[in-house]
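The sequence shown: position 136 = 135 (numbering that gives the first Met the number 0), numbered continuously.
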Amino acid sequence: MNKETKGMLIGFIGILIFSLTLPVSKIAILSFDPYFIAFGRACLAGLAALIYLIYKKAPFPSKTELIKFVVIALGVVFGFPIFTTVAMKEGSSSHGAVILGMMPLATTVIGVIRFKERPSLGFWIVSLLGAALVVIYALLKSSGSFTYIDVLLVLGGICACVGYVEGGALSRKMDPRAVISWALVISLPINVMMALVSVKSDYWSADILAWTSFLYLGLFSMFLGFFFWYEGLAVGGIARVSQVQLIQPFCTLVAASILLGDHITFMNMVFACLVVSTVILSKKMLIKRR
0 MNKETKGMLI
10 GFIGILIFSL
20 TLPVSKIAIL
30 SFDPYFIAFG
40 RACLAGLAAL
50 IYLIYKKAPF
60 PSKTELIKFV
70 VIALGVVFGF
80 PIFTTVAMKE
90 GSSSHGAVIL
100 GMMPLATTVI
110 GVIRFKERPS
120 LGFWIVSLLG
130 AALVVIYALL
140 KSSGSFTYID
150 VLLVLGGICA
160 CVGYVEGGAL
170 SRKMDPRAVI
180 SWALVISLPI
190 NVMMALVSVK
200 SDYWSADILA
210 WTSFLYLGLF
220 SMFLGFFFWY
230 EGLAVGGIAR
240 VSQVQLIQPF
250 CTLVAASILL
260 GDHITFMNMV
270 FACLVVSTVI
280 LSKKMLIKRR
């Protein structure tokens, strides 16, 4: 098995974990304020990360690494959770899934600019085709128009891509598990403060489903999922492995069907097959490196 294939397989495990984020957020938001969910789950993930770093006796990062951890934290610890959780207050997880389907192209573009990866023309064409498919799907599902919920989701997606690219590159030089752990730990003081501000006394009487959803968002979506995702990006390359994200919207659709009772339509299946096809095609395209 070559490095690109191995990276894509490892990254796919991370994508499966991430694919539950929107449906589970939709469940949690029935009992909790979106800002408490965003900051509270980051607190939970940060505490788990702190325990991990202490257990591994991880060396303190350098000044240069700290700056990169701040960028990662702004993207995946603050930006993505806040924007997407607020969007789920009124939006549907199914709709959010297809909007976030544009993330692979954004991740590739940011990776090209930041780390000089040079996809071939064929790779760009296939990536644009995949992104176009999810945009068309989103427009068809929302009667041909975008809403402020779409804007929140796009902003969240861009934030996540910045964090993915920076974290994926840093994971080539250090333990991928330490990368997300340090990003969570350095942002922990802010998250603790904001979680305490947004918590309400009646949250403690929420049912077990709400708290289970909250725990999943903290321990899996924000922590363990990145163990696989960053390692996949580091092993297989940002431009190539980022295309695995094209499968995420349709994994989310299945999850929404199971967890929320959303129906998977014929159009869902058609677009799922088309988008998965672009992932397979991208695997065959040449990636050049400077």
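Glycine included, C-beta positions come from ideal geometry on N, C-alpha and C. Keep in mind it's a predicted model, so treat the numbers as computed, not measured.
Taking only the alpha-carbon atoms, compute the straight-line gap between Leu104 and Ser126 and give it to the nearest angstrom.
-> 6 Å
With 16 other Cβ atoms within 10 Å as the buried cut-off, status of Ile50 | exposed
What do you get for Val150, buried or exposed, if any count of 16 or more other CB atoms within 10 angstroms of its CB means buried?
-> Exposed.
Lys199 (DSSP reduced to helix, strand or coil) = coil
Secondary structure of Leu19, DSSP reduced to three states | Here Leu19 carries a coil assignment [DSSP, helix/strand/coil].
Near Leu154, which residues of its chain fall below 6 Å by C-beta distance, leaving aside the five closest residues on each side in sequence?
-> Phe82
Classify Phe77 as buried or exposed, calling it buried when 16 or more other Cβ atoms lie within 10 Å of its own Cβ.
-> The residue is buried, with at least 16 neighbouring Cβ atoms inside 10 Å.
Would the beta-carbon of Met101 fall within 8 Å of that of Gly156?
-> yes
Element boundaries [alpha helix (DSSP H), containing Phe59] | Careful: Phe59 lies outside any alpha helix (DSSP H) and carries neither H nor E.
Among the residues of its own chain, which have a CB less than 7 Å from the CB of Ile109, if the five just before and after it don't count?
-> Cys160, Val161, Val164
Nonlocal neighbours in the same chain, by C-beta distance under 7 Å from Leu259, ignoring five residues either side | Pro22, Lys25, Ser92
Can you tell me the Cα-Cα spacing of Phe226 and Arg176, whole angstroms?
-> 5 Å
Mind listing, in chain order, the continuous alpha helix (DSSP H) runs of no fewer than 4 residues lying wholly within the stretch 128 to 210?
-> For the stretch 128 to 210, whole alpha helix (DSSP H) runs of length 4 or above, ordered along the chain, are 147 to 169, 175 to 185, 187 to 197.
Between the Cα of Ile14 and the Cα atoms of Val274, Gln247, Ile135, which residue gives the shortest distance?
-> Gln247
Touch test, the stretch 47 to 64 against the stretch 126 to 136, Cβ-Cβ under 8 Å, three pairs minimum | At 8 Å Cβ cutoff, the stretches do not touch.
Beta-carbon proximity list for Val111, same chain, < 8 Å, skipping 5 on both sides | Arg117, Pro118, Ala238
Look at the Cβ atom of Met87, then the Cβ atom of Gly95, and state whether they are nearer than 8 Å.
-> yes
Bounding residues of the alpha helix (DSSP H) (the contiguous stretch that carries Gly235) | 224 to 235 is the extent of the alpha helix (DSSP H) around Gly235.
Return yes when the Cβ of Leu216 is within less than 8 Å of the Cβ of Ala27, no when it is not.
-> For the 8 Å CB-CB criterion, Ala27 and Leu216 form a contact.
Is the stretch 38 to 49 in contact with the stretch 181 to 192, if contact means three or more CB pairs nearer than 8 Å?
-> yes
Would you mind sorting Asn267 into buried or exposed? The rule is 16 or more other CB atoms within 10 Å of its CB.
-> buried
How many Å lie between Thr63 and Thr4 at the Cα?
-> Pairing Thr63 with Thr4, the inter-Cα distance amounts to about 31 Å.
What separation, rounded to the nearest whole angstrom, lies between the Cα atoms of Leu132 and Ala72?
-> 30 Å
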